[in-house]
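Taken in sequence, the protein lines are chains B and W. Take 76 as the starting number for the first sequence in our numbering and just add one per residue. Take 642 as the starting number for the second sequence in our numbering and just add one per residue. All residues carry an ideal CB built from backbone N, CA and C; glycine is no exception. All figures in this text were calculated on a predicted structure; none of them were measured in a lab.
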Amino acid sequence: MALSGQPREYRQRTDVTGTFDLALLVFLLLLVQPSSSTAQSIFGKNFDEFVNDNIKFSGFTENTTGLAISHGSHFFDTSNPFDMNRFTIQPEFNIKFRDDLTSFISWRFVKEPRYSMESKSRKQSVQPAANGTPLVPTYYDEYSPVPWEAILDYKPNDQLTVMWGRQFISWGEADGIRLLDLINSQDSTFSPPVAPNLFNLDETRIPSWMLRTLYTVEPETNTIFEFFALPGALEKPKERVDEFMGTNDTSDRTVKYGRWSAHPETRIAFGRLFTNPLSAAAVVVPITDRELPGSANSWKFGTRILHNFGNLNAGLGYIWGYNPQASDMVFKLAGAPSLCGPPACPPGATQLPLKLVNDRTSIYAAHFNYPITEILTLPVNTTVRGEMAFFPNKPYNISDYPGRNCQTGAPTGLIAGPSCQHASQVIEKNTLRYILGFDRTTFIPFLHPDDPWRAFNLTFQLYQSIIFDHEDGIRVFSGAERINRFTTALTFRVATGYLGDTILPDIFALYDPEGYYAVNPAITYAPPWNERIRLSLIAAIYGGRNKFKSTGLFAEKDSLFLKLRYQF
Amino acid sequence: MFFLKIMLGAAVLFFIPAQSPGADSDLKPGDIIGPQNWQHVQGMVGENLLYRIKQGYSFKIKQGRSIGPPKDYVLATKHYSEQVGLSTNGELLNYVAGQPFAEVNLKDPLAAQKLIWNFYWRWIGDDYKTGGGTGEGKIIRYAIEKDGSERRADVLHHTIKTRGRVSLGSRPILQGYEHIDWMQLRADEYPRDTAGTTTLEIRYGDPKREDDLYVYVPSIRRVRRAPPIQRCATIAPSEFNFDDINTFNAKISNFNYRFLGKFKMLGNLSQERIPFQRKTGDYLPLNESWEIVDSYAIEITPKDPSYCYPRKVIYFDSQNYEVLWSMVWDANGTYWKEQFALRTPVKLADGQEVLSVGSVVINNVQNGRSTVVDAVRTYNQGYQPTLFTLATLQTVMRGGSLR
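In structure tokens:
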């Protein structure tokens, strides 16, 4: 697979707006500086009182260090397995202008060094084979003066809340799996996948400028109507949909992707999935481009209604706009195949333009939760929750298995080839995804000798994706692994606290019955003498029956992280 | 600590709740209590505090001051209490507002039930902000480890009564909320990692309907629903659980009650300083005087044998039904937790003086950890019920910004 992408130049850009934002940050920081009781600012006593009473400053600084621990890793088997040192500072301000008007503003500044691991092991590319160049040193950095979040919260009356600004919205209650969390896009470039204990949603979602309103129709039944509108044009193009790691086999010999990109082993004769060669030379060179949503057509709208039916809390929602999830993208043909030769291609090769696109679609959402205390007098003490997303006519790439010549029917010898039936190589199918979750609070006194009533919070989830009217040959966009009618994943999470919550273990595990798994254990030390400090040891471990699908893609990327956070 | 446990265990067998009726006979304002004369307050304080007195803690006895409930509540009691009754299973019938039972005959076999309902519907305002009366306008909580290490947390806490209202707007019932007793919002504000974590709690009047408990988790930006058993879980790192809030915040119908008698206990209904002075790493109030308070004692045992507290005894003052002491024993009958709550007078908007909780201390004598909470309330804030909905949770921002 060859993906092209734009460098993150926007993260280093400082324009006029950015200068203003930076000035705002400096101004706010100056305002909240402690001053002596006698000193008065040039703004006067009333202003000082307003600042003291209505502006609250908080935030955190954090350093995350990661070491690759995979045995025999092709990626990390270097003299230096150092694969992350992410330093973050995030100042945050809560401002209360009036009782009905508040604001929250935060900035995020990130610095990561250049990694020897990436420099040494990422200099390979295929089709054509040559040496590339490593990532730019500032690839992971973030120092945009534009606020990370900037929300103005206005409550004109008791029933209506209007929130405008750069913010997050996340529907549903799923843990570690993304189902209804489809409004904001995700930055998957710096964080390992399926590792909620390392970077949570708060840190990996990209906030979007939007308007959000909530109207409480009937407070006694929690009947709430929600609406949001997201213009998209205010985001940088790459932020309108997920940022992700592609592979590094780029034809322009520039390594654009970092530590969580797919394996070199996943490189297949990718172009041959879309077309057969036009000549005797059995090489198809894909020329790929990612088509990002344009500023004029990236609007997203959504609405939802919530209601309590007795003990049952339920919601129905609808979203229109781009499905931001990287895993749901498809490659579309951007032109007809043609012959090409050196230096761009091997002699006699065929080239094929492809574009990688996100689908602009309707998404129908539903969710519920219901507490069950007992069943047939047996104590259950579990909250059952469910959420569902229905994607009508969701596009998938499709191929024929095994590969064959569409004219002659002769096998090509490859595991897969272009679909002879679907010339566009894309097929649309109604798709339903759902999660059933069970949250249980359990007490295991012998495991908590110092506090028998410190709960173990257990969460079990069943995730399933169903493709209606499924056809054989539907596959992941990035390779030859097929997607079955049913895709299932089971997750389990257990968390508790020891010694007055100074030791906090938390384990998240995912199992895909097709033979893949991910484990993300973490243990955090919160010292009893300072509530501001947290030190966490976290592992992200992946595996599976192969390296071409699901969490198997990251099978050689097991890493161990040490995270130190100081909150201010 | 082992020695302390042994001592306290022995106290369970031989002392609690057999307070000597004459324990206070020699006490008078101005007396200094300390290790030299701890016998004077034996049975008037919890065993853990008595142990600390023996170890050196000393304080002065002061003259008590009577502050009763406000006139609206007294009027409502006069107006409605005669119609109130108890069902055969102890449920409250025909309650509207005020104190359910104006007079309780302590020899009545149903005295415990009547007293606990009086406690449940005691005057606490039509709504209140716990911590609103502290200097910082929020609850300040310190979790203290056995070795004296401390961690601070700041919490916002809003409560609205939807029934039994006597002062504000729609009363005695908020229309549409006949089925709900009260609702609470509790938002962590500090430290930052937990800031914005917000709990919405709804108590239903139906004795068979469990509470609703929703938690907004800022790190995943989602509202999760907690199962009812969560009420029993320790709100770590504190030693409280949800049912310990306001000393006894559980659903009345889930427990059995036994009246243990009327006792003179030591309390502090006019806390001098908020927060009280203390040594860093210790929970004992310094330079605070204590007073003798007429109190009722109720033993509380759960109907569900798997409930976290097999036995709890609370002592509340006989005038305001505000709890002074709470003691908990574990399933082995070993002394487990001891809580004392200091009270302080606060003024309503019309100038009436009423009692509010001041600082609360809970000790887990088994693991040595303690929690100190400064929680002075501001009453009758005029909250609207729309504040206590999932919409509020959906809009909580980092930093726990709540109206």
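ask   = In whole angstroms, what separates the C-alpha of B/I549 from that of B/L276?
value = The residue labelled residue 549 of chain B in the question sits at position 474 within the first sequence. The residue labelled residue 276 of chain B in the question sits at position 201 within the first sequence. Computed Cα separation, rounded: 30 Å.
message = Can you pull the chain W neighbours of B/M238, defined as C-beta to C-beta under 7 Å?
response = Translated into the one-based positions of the first sequence, residue 238 of chain B becomes position 163. Chain W residues near B/M238: T1036.
message = Once DSSP output is grouped into helix, strand and coil, what is the label at B/T378?
response = The sequence position of residue 378 of chain B within the first sequence is 303, counting from 1. Reduced to three states, the DSSP call for B/T378 is strand.
inquiry  = Is B/D233 close to chain W? Criterion is C-beta to C-beta, closer than 8 Å.
reply    = As a first step, residue 233 of chain B is located in the first sequence; it is residue number 158 there, counting from the start. Yes, its Cβ sits closer than 8 Å to a Cβ of chain W.
query = Taking only beta-carbon atoms, is W/E851 less than 8 Å away from chain B?
reply = Position 210 of the second sequence, counted from the start, is the residue given in the question as residue 851 of chain W. Yes, W/E851 lies at the interface with chain B (some Cβ there is under 8 Å from its Cβ).
message = Given this structure, state the Cα-to-Cα distance separating W/F718 from W/F889, to the nearest angstrom.
response = Translated into positions along the second sequence, residue 718 of chain W becomes position 77. Translated into positions along the second sequence, residue 889 of chain W becomes position 248. The question names Phe, yet the displayed sequence has Thr at residue 718 of chain W. Between W/T718 and W/F889, the C-alpha separation is close to 22 Å.
query = For W/D822 versus W/R804, is the C-beta spacing smaller than 8 Å?
reply = Against the second sequence, residue 822 of chain W aligns to sequence position 181. Against the second sequence, residue 804 of chain W aligns to sequence position 163. Yes, the Cβ-Cβ distance between W/D822 and W/R804 is below 8 Å.
message = Please state the DSSP three-state secondary structure of W/T1030.
response = Along the second sequence, read from residue 1 onward, the residue named residue 1030 of chain W stands at position 389. Residue state, collapsed to three classes: coil.
query = Is W/D885 helix, strand or coil when you go by DSSP?
reply = Looking up residue 885 of chain W in the second sequence gives position 244. W/D885 falls in the helix class under three-state DSSP.
key: Within 9 Å of chain B by C-beta, residues of the stretch 718 to 730 of chain W in sequence order   = none
query = Do W/T1030 and B/P294 have their C-beta atoms within less than 8 Å of each other?
reply = Here residue 1030 of chain W refers to the residue found at position 389 of the second sequence. Here residue 294 of chain B refers to the residue found at position 219 of the first sequence. Against a cut-off of 8 Å, the Cβ pair of B/P294 and W/T1030 comes out as a contact.
inquiry  = W/A1016 and W/V1002 - do their beta-carbons sit closer together than 8 Å?
reply    = Locating residue 1002 of chain W in the second sequence gives position 361, counting from the first residue. Locating residue 1016 of chain W in the second sequence gives position 375, counting from the first residue. Contact: no.
task = Let me know if B/F384 comes out buried or exposed under the rule of 16 or more other beta-carbons within 10 Å of its beta-carbon.
result = As a working mapping, residue 384 of chain B is identified with position 309 in the first sequence. Burial call: exposed.
For B/V569 and W/E688, the rounded distance between their alpha carbons = In the second sequence, counting from the first residue as 1, residue 688 of chain W sits at position 47. In the first sequence, counting from the first residue as 1, residue 569 of chain B sits at position 494. Rounded to the nearest angstrom, the two C-alpha atoms are 37 Å apart.
request  = Could you list which residues in chain B have their beta carbon closer than 7 Å to that of W/A870, in chain order?
outcome  = On the second sequence, position 229 is the one that residue 870 of chain W refers to. The sequence given here has Ile at residue 870 of chain W, not Ala. Within 7 Å Cβ-Cβ: N456 and T516.
ask   = Applying a beta-carbon distance threshold of less than 8 Å, which residues of chain W neighbour B/N297?
value = Residue 297 of chain B sits at position 222 when you count from the first residue of the first sequence. What B/N297 touches in chain W: T1030, L1031 and A1032.
ask   = Using the C-alpha atoms, what's the distance from W/Q980 back to W/S1011?
value = Taking the second sequence and counting its residues from 1, one reaches residue 1011 of chain W at position 370. Taking the second sequence and counting its residues from 1, one reaches residue 980 of chain W at position 339. Roughly 9 Å separates the two Cα atoms.
inquiry  = Whole angstroms are fine: how far does the CA of W/I893 sit from the CA of W/I757?
reply    = Looking up residue 757 of chain W in the second sequence gives position 116. Looking up residue 893 of chain W in the second sequence gives position 252. Rounded to whole angstroms, W/I757 to W/I893 spans 8 Å at the Cα level.
key: Span of the beta strand (DSSP E), counted from its first residue to its last, around W/K755   = One-based indexing of the second sequence puts residue 755 of chain W at position 114. It is not in any beta strand (DSSP E) - W/K755 instead sits in the alpha helix (DSSP H) that spans A752 to Y761.
request  = Examine chain W for any beta-carbon lying closer than 8 Å to the beta-carbon of B/L391, and answer yes or no.
outcome  = Position 316 of the first sequence holds residue 391 of chain B. Not an interface residue.
inquiry  = Please list, in chain order, the residues of the stretch 582 to 602 of chain B that have any C-beta partner in chain W closer than 9 Å.
reply    = A601 and P602
request  = Assign W/K712 to one of two classes, buried (16 or more other C-beta atoms within 10 Å of its C-beta) or exposed (fewer than that).
outcome  = Position 71 of the second sequence, counted from the start, is the residue given in the question as residue 712 of chain W. Flag for W/K712 reads exposed.
ask   = Going by the beta-carbon positions, is the gap between W/V796 and W/I814 smaller than 8 Å?
value = Working through the second sequence from its first residue, we reach residue 796 of chain W at position 155. Working through the second sequence from its first residue, we reach residue 814 of chain W at position 173. No. Outside cutoff.
message = I'd like to know whether the C-beta of B/K632 is nearer than 8 Å to at least one C-beta of chain W.
response = As a working note, residue 632 of chain B is residue 557 in the first sequence. It does not: the Cβ of B/K632 has no partner Cβ on chain W nearer than 8 Å.
inquiry  = Taking 8 Å as the cut-off, does the stretch 901 to 908 of chain W touch the stretch 949 to 967 of chain W (at least 3 CB pairs, one atom from each stretch)?
reply    = yes
request  = Please name the residues in the stretch 1012 to 1025 of chain W whose beta-carbon is closer than 7 Å to at least one beta-carbon of chain B, in chain order.
outcome  = Q1025
request  = Look at B/P421 and B/V501 and say whether their C-beta atoms are less than 8 Å apart.
outcome  = On the first sequence, position 346 is the one that residue 421 of chain B refers to. On the first sequence, position 426 is the one that residue 501 of chain B refers to. In this structure, B/V501 does not lie closer than 8 Å to B/P421 by Cβ.
key: As assigned by DSSP and simplified to three states, the class of W/P869   = Working through the second sequence from its first residue, we reach residue 869 of chain W at position 228. Three-state result, W/P869: helix.
inquiry  = Going by C-alpha to C-alpha distance, which of B/G247, B/P361, B/P156 and B/Y218 sits closest to B/Y509?
reply    = The count along the first sequence starts at 1 and reaches residue 509 of chain B at position 434. For B/Y509, the nearest C-alpha among the options comes from B/G247.
Residue-chain proximity (W/G697, chain B), Cβ-Cβ < 8 Å = Along the second sequence, one-based indexing puts residue 697 of chain W at 56. No, W/G697 does not count as interfacial toward chain B.
request  = Count the C-beta pairs between the stretch 687 to 707 of chain W and the stretch 720 to 730 of chain W that are closer than 8 Å, then say yes if the count reaches three, no if not.
outcome  = no
ask   = At a CB-CB cut-off below 9 Å, which residues of chain W make contact with B/D277?
value = Here residue 277 of chain B refers to the residue found at position 202 of the first sequence. P859, S860, I861, R862 and R1039, listed in chain order.
query = List, in order along the chain, the chain W residues whose C-beta lies closer than 9 Å to that of B/P166?
reply = Translated into positions along the first sequence, residue 166 of chain B becomes position 91. Here the premise fails: no neighbours, minimum Cβ distance about 11 Å.
request  = Specify the secondary structure class of B/H497 as computed by DSSP and reduced to three states.
outcome  = Working through the first sequence from its first residue, we reach residue 497 of chain B at position 422. B/H497: coil per DSSP, three-state reduction.
request  = List the residues of chain W that B/Q642 touches, going by C-beta distances under 7 Å, in chain order.
outcome  = Against the first sequence, residue 642 of chain B aligns to sequence position 567. Simply P832, R833 and D834.
inquiry  = Can you check which of these residues, W/T985, W/N1004, W/Q1007 and W/V1037, is closest to W/R1018 by C-alpha distance?
reply    = The residue given as residue 1018 of chain W occupies position 377 in the second sequence. Minimum Cα distance to W/R1018 is reached at W/T985.
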